[in-house]
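Novice:
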Amino acid sequence: MSIALDTAPHAPAGAFGRIWSVVKLNLANPWTAIILPWIILGVIFVANVAIWLIIDRAVGDAGDRADAVDGFSYSGAAMYIFVYMMVVAVQTVNLTFPFAQGYGVTRRDFYLGTSLTFVLLAAMYSVGLTILAAIEEATGGWGLDGRMFTAIYFGDGAWYERLWIYFTAFLFFFFVGAVAAAIFVRWKANGIIAFFIGVGLLLIGLAALFTYTGTWPQFGAFFATAGWLGSYTWSLVVTVLAAIAGFFVLRRATPKS
Amino acid sequence: MSAIIEVTGVTKTFGKVTAVDDASFTVEENRIYGLLGRNGAGKTTLMQLITGQDFVTSGDIRVFGQSPVENASVLQRISFIKESQKYPEDFKVKHVFRSAPWFFADWDAAFAEQLIEEFRLPLDRRIKKLSRGQLSSIGVIVGLASRAPLTFFDEPYLGLDAVARQLFYDRLLEDYAEHPRTVVLSTHLIDEVSNLLEHVLVIDRGRIIIDEDAESLRGSASTIVGTRAAVDEFVGARPVLHRDAIGGLASVTVAGLDAAGRSAAKAAGLELVPVSLQQLVIQKTNTTEQEFEASA
Chain F
77 MSIALDTAPH APAGAFGRIW SVVKLNLANP WTAIILPWII LGVIFVANVA
127 IWLIIDRAVG DAGDRADAVD GFSYSGAAMY IFVYMMVVAV QTVNLTFPFA
177 QGYGVTRRDF YLGTSLTFVL LAAMYSVGLT ILAAIEEATG GWGLDGRMFT
227 AIYFGDGAWY ERLWIYFTAF LFFFFVGAVA AAIFVRWKAN GIIAFFIGVG
277 LLLIGLAALF TYTGTWPQFG AFFATAGWLG SYTWSLVVTV LAAIAGFFVL
327 RRATPKS
Chain X
1483 MSAIIEVTGV TKTFGKVTAV DDASFTVEEN RIYGLLGRNG AGKTTLMQLI
1533 TGQDFVTSGD IRVFGQSPVE NASVLQRISF IKESQKYPED FKVKHVFRSA
1583 PWFFADWDAA FAEQLIEEFR LPLDRRIKKL SRGQLSSIGV IVGLASRAPL
1633 TFFDEPYLGL DAVARQLFYD RLLEDYAEHP RTVVLSTHLI DEVSNLLEHV
1683 LVIDRGRIII DEDAESLRGS ASTIVGTRAA VDEFVGARPV LHRDAIGGLA
1733 SVTVAGLDAA GRSAAKAAGL ELVPVSLQQL VIQKTNTTEQ EFEASA
C-alpha cells in the first residue's frame, strides 16, 4: 500500500477560494446550466428556420411578406432560455445549498459563490446571444428575414445595448428565482404562498394607485421615455432588491429533509 | 485531552415539539463517539446544531472553541453527510467525488478511489437512481476520504450489506489509527457499531440520558442467570435494570457489580452473562427490545 507521507493539514481556503469553490460546485456538472440550454436553443432555432422557410415559400405578395416579417419581430423563441435560467436558480438554492452545507460551506459563502455563478452565466449567455443577434442582422435574418435573437423585446439599438438588455434580463430571472427558492427553503410552501400573495397584493395596489390617481398615462410614458434600454436598466432595482432579500432569507435558513 | 465540541444547556424546539432538551456534554479530540438513540430521538437535530446547519433555541455550542454558526474556520474542518442528504438535481456519483476535494483540505483522492472500488459504487449513475445502500456508501466514503478533523457519520450502516458494513468497520479503524481524528457515529443500530465506540452518548426524547466511556458502560451492568430462588437471593437489594423469568429460571440484569459481587455470584452457582450495549441502552431507556427494533 502506498500511503502519502504528507499528513500535515493543508492550508484552509481563503475567503475568495471558498466562494470560488461554490462556483465550481454549481458547475461541477456543466450539462444542466451550460450544455443543455445551448442544445435546446439550437433545436428551437432549427424549428424556427423551418417555419421561416415555410412562410418564405408560402407568401408571394410583397405586402403579405412585410406582414409576416413584422410578425417575426415578436418572436418569443429566445424567451425560454430566461425561464430556464430561473429554474436553474431555483434548483441551485433548493438542492445545491443543502448539499454545500454537508461540505461545511457557510450560507454566506454559498450565497456569494452562487451569485457569482449567476453573474458569470448571465455574462456567457448575453455574449452568446449578442453574437447570434449580430449574425442575424448581418445575414438579413439568416437569409429569410427571420428574427429570433433580435426580437423586438431585445431593443433595436447597437450591439452593446442589446448585450446590456440580455445581461440585465438574465440577472433578473436568476435572482428572482433565487429569492423565491430561498423563501421556499426557509419557510416551505407556506412561505412561497405568502410570497406570491404579497407580490399579487403589491401589483394590485400599484394598479389601484395608478387608476385612482389617473396616472396610467404617466406610467406608460415613463417606459416609453426610458425605452427598451432604460426599462431593462430599471429592472435592476428589482433584481438588486431580490438579491439582497435572498441573502438575508437564506442566512437563517435550515434545509429540512 | 481537549474538548472539540462543548454543548451547554442546548434546547431546540420546533413549535411545540422539543427536539433537543437541555443537552450538555463535551466531545474530546481524537476519539470515536457513538450518538445513539431511537428514530426521532433528536440525533440529527443535535448534529445539525453542532454543524451550524440549524440554530439553537437556547444554550451554547462551541466547536473548536468557537460558535459554528456561519463560521467558515470551524465548518471547513467538519464533514457531515446526512443520512437524508440532498444532492444537486443533476449530480451523478462522480460529481460528488469531483467536487469534494474543493472543500476538504485533507481530501485523499487515492483513498477515495480505493473505497469507491471496494464499495462498488457506480460512478456514472445519477444519485437519484442509487439504492439506499449506495447512498450510504457515498456518505461513508466522503466521511473517510475527507479526513476532516471532526467527521460525522449519520446512520452509516443503513442499507449496507454485510460485506460493506465490515468494510466500513475495517477502513474506519485503519484510517483512524493512521490519521487520528474525532468521529461521531450516529445510529439506531447499536450492536452494529458497539465495538467501534470509545464513548457513548445516548439521546432519548431530546435528552442526553447516557454520557459514558464505552468500557465503563459495558462494565456497569451484568446479567445473572440461574434458578429463580438463587437469583433472587443473590440480587437482594441490588439495583435491578431488567428481569426475565421462565419457569423456575430467572435472568436479572443488575447495575454495578464489582469483583466481590462477581465472585459471590459464581460461588452461589450463578452464571454471569455479558450485557450488550444494545441491551443496556434499551434497559436504560426503559423501552422493550421489540419497540427499539421496530424503530429500526
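Protein chains in written order, with this note's numbering: chain F, 77 to 333; chain X, 1483 to 1778. Built from N, CA and C at the ideal position, the CB exists for glycine as well.
Put arginine 1608/X into one of helix, strand or coil per three-state DSSP.
Specialist: strand
Novice: Determine, using beta carbons only, whether arginine 184/F comes closer than 8 Å to chain X.
Specialist: Yes, its Cβ sits closer than 8 Å to a Cβ of chain X.
Novice: To the nearest whole angstrom, what separates the beta carbons of valine 1509/X and leucine 1528/X, a pair I think is in contact under 8 Å?
Specialist: 11 Å between Cβ atoms; not a contact.
Novice: Do we get a CB-CB distance below 8 Å when we pair serine 1581/X with the residues of chain F?
Specialist: With a threshold of 8 Å between beta carbons, serine 1581/X makes contact with chain F.
Novice: Using 8 Å as the limit for Cβ to Cβ distance, is tryptophan 107/F near chain X?
Specialist: yes
Novice: Using a Cβ-Cβ cut-off of 6 Å (strictly less than) and excluding sequence neighbours within five positions of valine 135/F, which residues of its own chain qualify?
Specialist: Arg141 and Ala144
Novice: Which residues bound the beta strand (DSSP E) around valine 181/F?
Specialist: Looking at the DSSP string, valine 181/F is not in any beta strand (DSSP E), and its letter there is neither H nor E.
Novice: Comparing C-alpha positions only, which one of Ser1619/X, Val1757/X, Thr1669/X and Glu1715/X sits nearest to glutamate 1595/X?
Specialist: Ser1619/X
Novice: So, at 8 Å on beta carbons, what are the nonlocal neighbours of phenylalanine 243/F in its own chain, with the 5 sequence-adjacent residues on each side left out?
Specialist: Ala198, Ala199 and Ser202
Novice: Please tell me whether alanine 1732/X and arginine 1710/X are closer than 8 Å, where the distance is taken between their beta carbons.
Specialist: yes
Novice: Would you report the Cα separation of leucine 220/F and alanine 234/F, rounded to the nearest angstrom?
Specialist: 21 Å
Novice: Exposed or buried, which one is alanine 80/F when buried takes at least 16 other CB atoms within 10 Å?
Specialist: Its pLDDT being 42, under 50, alanine 80/F is placed unreliably by the model, and the measurement read from it follows with that caveat. Classification for alanine 80/F: exposed.
Novice: Check whether the Cβ of tyrosine 179/F lies closer than 8 Å to any Cβ atom in chain X.
Specialist: Answer yes: the Cβ-Cβ gap between tyrosine 179/F and chain X drops below 8 Å somewhere.
Novice: Short of 9 Å Cβ to Cβ, which residues in the segment 1723-1742 of chain X face chain F?
Specialist: none
Novice: Does the CB of phenylalanine 175/F have a neighbour CB from chain X at under 8 Å?
Specialist: Phenylalanine 175/F counts as touching chain X.
Novice: Quick one: is proline 85/F near chain X, going by C-beta distance under 8 Å?
Specialist: Because proline 85/F carries a pLDDT of 49, less than 50, the predicted location of this residue cannot be relied on, and no value is offered for it.
Novice: For aspartate 185/F, which option in Asn124/F, Leu101/F, Thr206/F and Ile273/F has the closest C-alpha, if you only look at C-alpha atoms?
Specialist: Leu101/F
Novice: Pull out every residue of the segment 1569-1601 of chain X whose Cβ sits closer than 8 Å to any Cβ of chain F, in chain order.
Specialist: Tyr1569, Pro1570, Glu1571, Asp1572, Phe1573, Lys1574, His1577, Arg1580, Ser1581, Ala1582, Trp1584, Phe1585, Phe1586, Ala1587, Asp1588, Asp1590 and Ala1592
Novice: What residues of chain F sit near isoleucine 1563/X, judged by a beta carbon separation below 7 Å?
Specialist: Gly178
Novice: Buried or exposed for methionine 77/F, going by 16 or more other Cβ atoms inside 10 Å?
Specialist: In this prediction, methionine 77/F scores a pLDDT of 39, lower than 50, which makes its location untrustworthy; the coordinate-derived value is nonetheless stated afterwards. Exposed, since its Cβ has fewer than 16 Cβ neighbours within 10 Å.
Novice: May I ask which residues mark the beginning and end of the beta strand (DSSP E) holding threonine 1490/X?
Specialist: 1485-1496
Novice: Using C-beta distances below 7 Å, list every residue in its chain close to phenylalanine 1537/X, excluding the 5 sequence neighbours before and after it, in chain order.
Specialist: A distance below 7 Å between beta-carbons, with the five flanking residues on each side excluded, links phenylalanine 1537/X to the following residues of its chain, in chain order: Val1551.
Novice: Using alpha carbons as the reference points, say which of Arg328/F, Lys332/F and Ile320/F lies closest to leucine 188/F.
Specialist: Ile320/F
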